[in-house]
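Each protein sequence line maps, in turn, to chains A and B. Numbered by the working numbering, the letters in the first sequence go through residues 4 to 117 in order. Numbered by the working numbering, the letters in the second sequence go through residues 4 to 117 in order. For reference, the structure is listed below as structure tokens.
Number of protein chains: 2
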Amino acid sequence: MTADPVDAVFAALADPTRRAILARLATGAATVNELAAPFPISVQAVSKHLAVLERAGLIVRTREAQWRRCRLDPAPLRTLAEWLDQYRRLWDDHYDTLDTYLRDLRETHHEHAP
Amino acid sequence: MTADPVDAVFAALADPTRRAILARLATGAATVNELAAPFPISVQAVSKHLAVLERAGLIVRTREAQWRRCRLDPAPLRTLAEWLDQYRRLWDDHYDTLDTYLRDLRETHHEHAP
DNA sequence: TGTATATTCAACCGGCAGGTTGATTAACTT
DNA sequence: AAGTTAATCAACCTGCCGGTTGAATATACA
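Listed below in structure tokens is the structure:
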């Protein structure tokens, strides 16, 4: 029960600054200073936020000269989407009818892809 | 930027005990003692967890005699699913082709429903 | 070689999160 | 009226979180 990787992902996304950073990274990779620019906090604080996102697996950082380029890794988001799907029937009326059919169809399609 | 309701939902879900409580409530309503039984922590601690879930909108509590019945409200989960959909194209290869078509089809279907 | 730039490390601080125990409120039961 | 059960309130403790400032590290540039 301790140290479920999902814990870190949810915790990382609970901060609005970190979600804003992710939104920025969804449009392409960026350096720490570029990511820090829009925020009224210090670069060090943003660096800490990036460390949290990295620990959660949401970003990866690669060294490039004196810069550290950050890019988004969507894998944990996909995990979260799957977690949420456990509960989809609770709010989606069509989950047990049309949606189930379409979901199954999509899965079949994925199996046939390389 | 301050006090985005999504903050509280992500923060609430970051705790494994609270996620376990939600999983239990997905199978039906329950009282505080019933919810607390499986956990090695005090009833008061569970009561605090329920307060967090309630503040996030994930559960509602109604008084029934000396019991307080808790039931799950999936609305915030739906909000989260929509938030995640912003990023779906990043991990779902078929988002821009088949999935988009199916998604549009489902939306049309919803419009026609009462 | 020396300097400017990018980023992190380290130490510190206030506040909140999650847990405890003990007291209190509310309703049912006898 | 008294006792039992369900749940919360209150005070407290420990530790982590998000922020700060200042120093250190790494790379490019003149």
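Beta carbons: idealized from backbone N, C-alpha and C, even for Gly. Just so it is clear, the structure is predicted and the values come from calculations on it, not from any experiment.
| Check | Outcome |
| --- | --- |
| Below-8 Å beta-carbon distance, Leu53(B) vs any chain A residue | no |
| At least three beta-carbon pairs within less than 8 Å, the segment 75 to 91 of chain B to the segment 89 to 96 of chain A | yes |
| Under 7 Å by beta carbon: chain A residues contacting Arg81(B) | Trp94 |
| CB contact check: Pro41(A) to chain B, cutoff 8 Å | no |
| Classification of Pro8(B) by the beta-carbon crowding that lies within 10 angstroms, buried from 16 upward | exposed |
| Simplified DSSP assignment, three categories, for Thr34(A) | coil |
| Neighbouring residues, chain B, relative to Pro77(A) (Cβ below 7 Å) | Tyr90, Leu93 and Trp94 |
| Chain A residues whose Cβ lies nearer than 8 Å to that of Leu87(B) | Leu80, Leu83, Ala84 and Leu87 |
| Any C-beta of chain A under 8 Å from that of Leu2(B) | Residue 2(B) is absent from the model: chain B starts at 4 and stops at 117. |
| Distance between beta carbons of Arg71(B) and Arg64(B), contact taken as under 8 Å | 5 Å |
| Own chain, CB closer than 6 Å to Val55(A), minus 5 neighbours either side, in chain order | Ala15 |
| Contact residues within the segment 21 to 35 of chain A, judged by C-beta distance below 7 Å to chain B | Ala29 |
| Closer than 7 Å at the beta carbon, the chain B residues around Ala14(A) | Ala17 |
| Own chain residues within Cβ distance below 6 Å of Val46(A), not counting five before or after | Ala39 |
| Ile44(A) (DSSP reduced to helix, strand or coil) | coil |
| Where the beta strand (DSSP E) containing Ala61(B) begins and where it ends | Contrary to the premise, residue 61(B) reads as Leu rather than Ala in this sequence. Unbroken run through Leu61(B): none, as it is neither H nor E. |
| Ile44(B) classed as buried or exposed, judged by whether at least 16 other C-beta atoms fall within 10 angstroms | exposed |
| Buried/exposed call for Phe13(A), threshold 16 Cβ in 10 Å | buried |
| Span separating the alpha-carbon of Arg21(B) from that of His97(A) | 27 Å |
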